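Each residue of the sequence shown is one higher than the one before, counting from 683 in the working numbering.
Glycine is no exception: its CB is placed at the ideal position from the N, C-alpha and C atoms.
Please read all numbers here as calculations on a predicted model, not as lab measurements.
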Amino acid sequence: MANMFAFAEARGGELRKVAFETVAAARRAADATGGGEVHALVLGAPGIGDRAAALGTYGADLVMVVEHPALERYSAETFAATAAERLKAGSYRAGFFAASAEGRDLAPRVAARLGLPLASDVTAFEFQGDAVLVQHPGYTGKINLTLRLTGTPAILSLRPGALPVTEAPRTARVERAEPAADPSAARVVVTELAQQTATALDLGEAPVIVSGGRGLRGAEHFKLVEDLAAAFGNAAVGATRAVTDDGWRPATDQIGQTGRVVSPELYVAVGISGAIQHLAGMRTSRTIVAINKDKDAPIFKVADYGIVGDLFEVVPRLTEEVRKAKGR
Ligand SMILES: Cc1cc2nc3c(=O)[nH]c(=O)nc-3n(C[C@H](O)[C@H](O)[C@H](O)COP(=O)(O)OP(=O)(O)OC[C@H]3O[C@@H](n4cnc5c(N)ncnc54)[C@H](O)[C@@H]3O)c2cc1C
683 MANMFAFAEA RGGELRKVAF ETVAAARRAA DATGGGEVHA LVLGAPGIGD RAAALGTYGA
743 DLVMVVEHPA LERYSAETFA ATAAERLKAG SYRAGFFAAS AEGRDLAPRV AARLGLPLAS
803 DVTAFEFQGD AVLVQHPGYT GKINLTLRLT GTPAILSLRP GALPVTEAPR TARVERAEPA
863 ADPSAARVVV TELAQQTATA LDLGEAPVIV SGGRGLRGAE HFKLVEDLAA AFGNAAVGAT
923 RAVTDDGWRP ATDQIGQTGR VVSPELYVAV GISGAIQHLA GMRTSRTIVA INKDKDAPIF
983 KVADYGIVGD LFEVVPRLTE EVRKAKGR
């Protein structure tokens, strides 16, 4: 029986979706290795502890809460020192982080501090004896690598959205703890988080993403993509690098090797060729729909549903059908 550690990310006084993903993964890992406990750690401004119970819904037995006014935003030094201290104190079998922007910074720092093995951007895992086998996309997503980690605890950062989030309700105990390093003495301070618009869904959290490529021919035609996203109601808008480089969309919308890596339930690619660098950012999406006038476009190789046709005809009709289906 082994206990598992999960780092639960928070932002703006709320737990992030990836917090539930790491806790749910830790729960599955604990259940698969004899039913140990899941201990979650959350850092944030005073008040974040009020959200702790929600982690119990996904299988946390204990939530360690570290509150401090200076922890409202991510601080590499304090977060890494505190997570490392907690991990070390608990003799855990594995520590789960999100491979989000924050987790990609945090998990390697924690692993390095404690001299532990780390697998990043994990899309599946399985415990086998003393080892953990993890799946991890390699060479820009062209292949799936299976890595075998033998040190304990193994540190895994999970690709957001790639693993199932199932409820496993229990009443979590809450334990207050102090930061392991003085947050007000941090040498690097995040002063601002710029959010595109208050209402726009974050690409990492949206269940549906409608993405546009150069096939749209100009920024003005992105309205087609936005309308389709609005018809779904729970969709964010993404783009290829060709589009962001041309300034049709902000760089923050870019999906791919040098942009965001996403795994939504549904990814709709509109006028996107499917270059390997784009696929690296979206090929683990649960269902992929591609609309392209070229039947040989590489995007169709990863698409579950392909529509060969002119996007200027197809997208408005699709938007209409989605609106009808959603009763809008
Ligand atoms: C180091 C490096 C890193 C990179 N990182 C990224 C990255 O992170 N993300 C990324 O996206 N790219 C990245 N790229 C760029 C990548 O190689 C491609 O150039 C880019 O993804 C192509 O974007 P696109 O699909 O929008 O454009 P194109 O490749 O030009 O494709 C446009 C598609 O639209 C279709 N089309 C045209 N008109 C219509 C129509 N009327 N109806 C339907 N379909 C139509 C065409 O058939 C075509 O398939 C990177 C490149 C390099 C070298």
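Does ligand 1 have a heavy atom nearer than 7 Å to the CB of Q817? Result no, Cβ not under 7 Å from ligand 1.
Near I989, which residues of its chain fall below 6 Å by C-beta distance, leaving aside the five closest residues on each side in sequence? Cβ within range, chain order: I973, V996.
Look at F761 and T704 and say whether their C-beta atoms are less than 8 Å apart. Taking the C-beta atoms as reference points, T704 is found no nearer than 8 Å to F761.
Given a cut-off of 8 Å on the beta-carbon distance, is the pair A985 and I970 in contact? Yes, the Cβ-Cβ distance between A985 and I970 is below 8 Å.
Contact set, ligand 1 heavy atom to C-beta under 5 Å: Going along the chain, the residues that qualify are G895, R896, G897, T922, R923, A924, G938, Q939, T940, G941, G953, I954, S955, A957, Q959, H960, N974, K975, D976, A979, D992, L993.
Given V745 as reference, the closest of T828, T805, T853, P835 once Cα atoms are compared: The shortest C-alpha separation from V745 is found at T853.
Do M683 and V720 have their beta-carbon atoms positioned less than 8 Å apart in this structure? Not closer than 8 Å, so no.
Please return the same chain residues whose Cβ sits closer than 7 Å to the Cβ of E767, not counting the five positions on each side in sequence. Once the five neighbours on either side are set aside, the close Cβ partners of E767 are A862.
Exposed or buried, what is P728 when buried is set at 16 or more other beta-carbons lying within 10 Å of its beta-carbon? A residue is called buried once 16 or more other Cβ atoms fall within 10 Å of its Cβ, and P728, having fewer, is exposed.
So the beta strand (DSSP E) V856 belongs to, where does it begin and stop? Segment 855–859, the beta strand (DSSP E) holding V856.
Every unbroken beta strand (DSSP E) within the region 729–787, with a cutoff of 3 residues, ordered by chain: Listed in chain order, the complete beta strand (DSSP E) runs (minimum 3 residues) inside the region 729–787 are 744–749, 776–780.
6 Å Cβ shell around P980 - same chain, five flanking residues per side excluded: Same-chain partners within the cutoff: G956.
I'd like the list of long-range same chain contacts for P799, defined as Cβ closer than 6 Å, with 5 residues on each side in sequence excluded. Annotation for P799: L831, G833, A836 place their beta carbon closer than 6 Å to its own, counting only its chain and skipping 5 residues before and after.
Per-residue burial, A1007 [other beta carbons within 10 Å of its own, 16 or more giving buried]: So A1007 counts as exposed.
For K824 and V871, I'd like the C-alpha separation in whole angstroms. Those two C-alpha atoms are separated by around 37 Å.
Going by other Cβ atoms of all chains shown within 10 Å of its Cβ, with 16 needed for buried, is R999 buried or exposed? That one is exposed.
Do you know how far the Cα of V700 is from the Cα of R693? The alpha-carbon of R693 is positioned some 11 Å away from that of V700.
Does DSSP put I970 in a helix, in a strand, or in coil? Here I970 sits in strand by DSSP.
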